[in-house]
Structures are given as C-alpha cells and as structure tokens.
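Which chain is which? The protein sequence lines are A and B, in order.
If you use the working numbering, the first sequence corresponds to residues 1 to 286, in order.
If you use the working numbering, the second sequence corresponds to residues 1001 to 1286, in order.
Here's the structure, in structure tokens; my notes come after.
There are 2 protein chains.
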Amino acid sequence: MILTVTLNAALDVTYRVEALNAGTTHRVRDVHTRPGGKGVNVADVLTQLGEPVHATGLAGPELNLPDFVPIAGPSRRTTTVLSTQDDSATLFNEPGPVISAGEWAAFRTHFDTLARDAQVIVLSGSLPPGLPADAYADLIRRAPAPVILDTDGEPLRHGLTARPALVKPNIDELARLLGRIPDLPADCAALGVPVAATLGADGALLTTPDGTWHGQPPRVLSGNPTGAGDAFTAAFARGIATGTPWPAILADAIALSAAAVNTPTAGAYDEATYREFTDLIQVKEA
Amino acid sequence: MILTVTLNAALDVTYRVEALNAGTTHRVRDVHTRPGGKGVNVADVLTQLGEPVHATGLAGPELNLPDFVPIAGPSRRTTTVLSTQDDSATLFNEPGPVISAGEWAAFRTHFDTLARDAQVIVLSGSLPPGLPADAYADLIRRAPAPVILDTDGEPLRHGLTARPALVKPNIDELARLLGRIPDLPADCAALGVPVAATLGADGALLTTPDGTWHGQPPRVLSGNPTGAGDAFTAAFARGIATGTPWPAILADAIALSAAAVNTPTAGAYDEATYREFTDLIQVKEA
C-alpha cells in the first residue's frame, strides 16, 4: 500500500471562463469542485492506475476526506480559472487555516499507525500555517518506509536533512532552494538524495547514486498543469513500491504526467494519452 | 423604510494578490468573505447612512441572511481578485443554483408582506437560473411603492414594461438593451421612465419627465468598483424616499459612488471621501 500525506488539503474549485482579462468581470460558465491538495491528487491518480493507496492528512470537515485528521478551521480553497480561449490556467491558492499543536500531535500518532502498512510514503505540498518548517523532516524520520518528498522552500530544505528516498522539485523550486539558477545535473546530484526534477517543456531529470537520466515527451501538451506534477509523483511512488528500475520509472512518470495535463481536473489522467506516450518517451543517460 | 431585494444573493469573496498574471499561480495574501449581492450592498450602504432599510431576497442557509427566503441549492460565490500592484479588480461570478417554482412562489408572498411598509423598493442584480425573465416586472406590478430597478439584459427589458420609478443602467447595460452604442441623452429619455445612467469616468446622466441633468466627480478614483453602482442606487433610494429634488439626488449619488470605490469591499463607503466630494460634484442641466 502507498500512503499519501496532504497536510494542507484544499477544496479545489475549477472555473471555466471564455477568456481571462485582468481588471474585468467574468461570468463563470461552470463550476467544478473536488477535495484536493497534492497528496489527494497523487492518491487519485494511483487509484485510477489500480494501485492500493491510502490518503491521509489534515482537513476541515467540509472536505469529507475519510482517514484525515479533522481540524477546526475551514479548509482552504484553491481556485483554477480555465480560459476556453487560450487553454490557459490561472490559479489562486488560499493560505489555509492555522493548525494547532494538538491537531499536529494527533496527526503524528495517526501517521505512525498508517505508516506501518506502507511500502512507500508520499509527502506532498505546502505546510499549513502553524506547523513547524521541519514537519516533513519529522515525518521522514518516523517513517518505516521510503519517503517521496514533494514540497518547496524551507519545508524542502529541512526535509532534505532527513534524507528521503526521493525529492521531486520543479525547476522553480530548485532555483529557490539554491538561491540561483540551477546548474544541471550537478546541483541535483549534490543534494545527496535521489532527485526527480521536472523541467517543464524540457522534460525531466533524474539523479541517483546509480546514475543520471533525462527524459522528454515526444510533444508538449497544453491544458491544465495542476496535477501533472502529482501524476509524475504517483508514477515514482508506484515504481519505487514495485522495485522498477530508475530509467523505466522516469519514462513512466513523464508519460503519466503528460496524460494528466490532458485532463480538465487534477487527480486524473487521460488513458489514451498515457497509452500513446508510454512507448514514445525517450530516456537517456545524462 | 427602504426595501432591497436580492434574488441572486452571493457569498462575496475578496482575494488580495500582489499582481494578477493570467496563466500563473497566485498565493492569496488574505481572504475576506461577506454575504453579498447587489441589493445586500445597497442595504449595507443605507445602513451606514443611517437610513431604515430591510434586505430580502433568496439565499442559501450558509449566507446567514435573516429575512431572506431559503433556497435548497448552495448560494453562489462571487470572487474579486484585488491586485496590490495596480489596484485593479478582477471578478469571477458563479451562475448560482436553480430556483424552484415553490421557492419563487414563497418569495412573492414574503415580498407582498414586506413591501406594505416600504417607501421605496430596490430590485438589484441578475436573476438566478430558474426564474422567469419577467420576475422583476411581476414584482414591480405587485409593489405598492416606487421601485428602482438595477438589472441587465432581458430582466431589464421586461422590467421596463412594468414602468418602475427609476432604472439605473450603466453604459454597457444601456448598449446591450439598445443593441448599439447609446445616443445620449435621447436614448435614455426614450425609455419612458426616469433613467439614472452611470457613465464611468464621464460621471452620470439623469433623464426624467422634469428635466435632464449630467453630473461629474471632480476626479476619478481608482480602487474596488464593486458596489460603487450599488452606493449610487442607495443614494437614489434615499432621495426618492425623502422627496429630494432630482439634481440633488444625482449629485449625492455621484459623491456616494465615488466614496464607495475608495473602500476595499462592496456595501461600504469612505466617510471622508463622501464628505469631501459632496460639495464638489458639478451637476448641470443637459
């Protein structure tokens, strides 16, 4: 079983508008809502893949997420505005409610119980206000299974000190971590743990003690980027759980990520695109 | 007592972001929510002015609006994204839930009771899905007091046939009503009822059987335009209720509207701006 953790769960709201013009009023054509957050998206993708998965985290009661530790404050919303005209996505992420020390303590106890049955644990997304910056580092140290960490800023910096099995930064997160434009692959290799870095149109780079690989999709798809990174993470969680070789995991992650861009909401992928891309991804030693 | 009617009430959400860039992700700095909708805003402004006012309409239970007739579906949200960088406001308006025939019948009965004590009735905003396009015309015909109608499109066209005491279109709403660029003041005068048309930076135009006036603020303020039109309407409601001469109402409405632009949320105005502008508005016969 793969365990995903979402400490900053959200109600994901998707608005479709004709075109987004700053400073004007938009009539929203349709409204779609789902419980979200990066770890929830990873779990949804794994479910679609047929993998046994368990999603946990912290969430307000309105999200109706079973096995999440309840918090008092209302959960945050993330709103994605999709423009029909140019297929662009514009996101607005609320900060979220402040987590109390008691809620965090309750979560750690719950985590210890669930983690016992996990083959791989995925820690995804930002930390809500109130949690210490080393919250992920703490969970990584308690975890009895390999941990994939997908976060940003100080939580990523602290998390690296606890040596997760893999980190999954995108190029902007890498630049923020380093404080400069990354020098690839050297900067990833220097992090001391396996790194799967997503590079946008340039594909993805994987550095490990066993080798370094780069992969690229045959073409870049436009659509909803939310959740593409989470599909990428889902592929790594499955690959690590099943003992798949690194370059094969990387190819699978790029295909699944491209197939997720092709769907209107996060936490899902387009099966036809996934099948098509699975045979077309080029992965080479870098 | 002034009665305001909001058939398409909403939870008004205001997000503050650094700058709005389409196609990117925004961290929302702060989130402000209030029960809103145009008639609620008009009532809030009248309350701040110290005028006796009663707000009614149709609303979901989560809006906590007493004296509104409850509906089953969750109320819609309107989200205003304020950019700190350029003071611009970008709005996203959800369509809202479908109103049942029973809910509409319950509202009309409730309206008949409340309208008995009203000196002026204000009907504001769009009609929610499920209501007939002549819903406002129906209310105007039942109303025992003068009615101000502030709406758009078909509800405005139907409403005019019931001869309200005043309509308050903006220039875009006038253009949609006519199907072409308005010829002012002739097109307003031809509507057959008093018309207070807001013209953005060009101030406002009032056509009545007693005369035609144009007014202009001494300077145009930037800020949150949501609710500026509702403050304008509030001034007309008070002016008609108190029997104030038309040109004095117009001057007051322009001052109050400018003072509302100067506040971060709808339904409020800046007292200092209102005092300053009250003596500076130029109203001339047109």
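Yeah, the Cβ is synthetic: ideal placement off N, Cα and C, and Gly gets one too.
State the DSSP-derived secondary structure class of residue i, mapped to helix, strand or coil.
{"i": "L1049(B)", "result": "coil"}
{"i": "N1021(B)", "result": "coil"}
{"i": "Y274(A)", "result": "helix"}
{"i": "T1161(B)", "result": "helix"}
{"i": "G200(A)", "result": "helix"}
{"i": "G1153(B)", "result": "helix"}
{"i": "T1244(B)", "result": "coil"}
{"i": "R27(A)", "result": "strand"}
{"i": "E1103(B)", "result": "helix"}
{"i": "I1148(B)", "result": "strand"}
{"i": "G1036(B)", "result": "strand"}
{"i": "L1250(B)", "result": "helix"}
{"i": "Y1015(B)", "result": "strand"}
{"i": "V1005(B)", "result": "strand"}
{"i": "R142(A)", "result": "helix"}
{"i": "N1093(B)", "result": "strand"}
{"i": "F1111(B)", "result": "helix"}
{"i": "S1126(B)", "result": "coil"}
{"i": "I171(A)", "result": "helix"}
{"i": "A1055(B)", "result": "strand"}
{"i": "R1176(B)", "result": "helix"}
{"i": "R219(A)", "result": "coil"}
{"i": "G229(A)", "result": "helix"}
{"i": "L1061(B)", "result": "The question names Leu, but residue 1061(B) is Pro in the sequence shown. Note: P1061(B) maps to helix in three-state DSSP."}
{"i": "L287(A)", "result": "Any answer about residue 287(A) is impossible in this case: the structure gives chain A only from 1 up to 286."}
If you check the beta carbons only, do residue i and residue j fall under 9 angstroms apart?
{"i": "P1129(B)", "j": "I1099(B)", "result": "yes"}
{"i": "N1041(B)", "j": "G1267(B)", "result": "yes"}
{"i": "L303(A)", "j": "T78(A)", "result": "Residue 303(A) is absent from the model: chain A starts at 1 and stops at 286."}
{"i": "I281(A)", "j": "G215(A)", "result": "yes"}
{"i": "P164(A)", "j": "P146(A)", "result": "yes"}
{"i": "G1037(B)", "j": "A1009(B)", "result": "yes"}
{"i": "R157(A)", "j": "D138(A)", "result": "no"}
{"i": "R1076(B)", "j": "P1095(B)", "result": "yes"}
{"i": "T1233(B)", "j": "A1255(B)", "result": "no"}
{"i": "A43(A)", "j": "T4(A)", "result": "yes"}
{"i": "I171(A)", "j": "T151(A)", "result": "no"}
{"i": "A231(A)", "j": "A253(A)", "result": "yes"}
{"i": "G23(A)", "j": "A1089(B)", "result": "yes"}
Mind reading off the beta-carbon distance from residue i to residue j? Whole number of angstroms is fine, and I expect it under 8 angstroms.
{"i": "D202(A)", "j": "W246(A)", "result": "Contact doesn't hold; Cβ gap of about 19 angstroms is too wide."}
{"i": "N1093(B)", "j": "R27(A)", "result": "6 angstroms"}
{"i": "A1162(B)", "j": "I1148(B)", "result": "Their Cβ separation, rounded to whole angstroms, is 13 angstroms, which puts A1162(B) and I1148(B) out of contact at 8 angstroms."}
{"i": "I240(A)", "j": "V120(A)", "result": "5 angstroms"}
{"i": "P1144(B)", "j": "R1116(B)", "result": "6 angstroms"}
{"i": "F1111(B)", "j": "K1168(B)", "result": "Actually they are not in contact, since the Cβ atoms of F1111(B) and K1168(B) sit about 20 angstroms apart, beyond 8 angstroms."}
{"i": "A1186(B)", "j": "L1250(B)", "result": "Going by Cβ atoms, the distance from A1186(B) to L1250(B) rounds to 18 angstroms, so no, they are not a contact pair."}
{"i": "V122(A)", "j": "A260(A)", "result": "Incorrect: roughly 15 angstroms between the Cβ atoms, too far for contact."}
{"i": "G39(A)", "j": "G125(A)", "result": "6 angstroms"}
{"i": "T1212(B)", "j": "L1206(B)", "result": "7 angstroms"}
{"i": "L1127(B)", "j": "P1155(B)", "result": "5 angstroms"}
At 8 angstroms on the CB atoms, spell out the chain B contacts of residue i, in chain order.
{"i": "E94(A)", "result": "Y1015, V1028, V1031"}
{"i": "L91(A)", "result": "T1024, T1025, H1026"}
When we look at the beta-carbon of residue i and count the other beta-carbons within 10 Å, is it buried (16 or more) or exposed?
{"i": "T1242(B)", "result": "exposed"}
{"i": "E173(A)", "result": "buried"}
{"i": "T1084(B)", "result": "exposed"}
{"i": "D1284(B)", "result": "Contrary to the premise, residue 1284(B) reads as Lys rather than Asp in this sequence. Under this definition K1284(B) is an exposed residue."}
{"i": "E1018(B)", "result": "exposed"}
{"i": "T1006(B)", "result": "buried"}
{"i": "P1061(B)", "result": "exposed"}
{"i": "R219(A)", "result": "exposed"}
{"i": "G159(A)", "result": "buried"}
{"i": "E1271(B)", "result": "exposed"}
{"i": "G57(A)", "result": "buried"}
{"i": "G1067(B)", "result": "As written in the sequence, residue 1067(B) is Asp, which differs from the Gly given in the question. So D1067(B) ends up on the exposed side."}
{"i": "T1265(B)", "result": "buried"}
{"i": "S275(A)", "result": "Checking the sequence shown, residue 275(A) turns out to be Arg, not Ser. Result: exposed."}
{"i": "A1105(B)", "result": "exposed"}
{"i": "A1286(B)", "result": "exposed"}
Give me the chain A residues within the contact set of residue i, using Cβ-Cβ distance strictly less than 7 angstroms, ordered along the chain.
{"i": "S1088(B)", "result": "A22, G23"}
List, in order along the chain, the chain B residues whose C-beta lies closer than 7 angstroms to that of residue i?
{"i": "V81(A)", "result": "F1092"}
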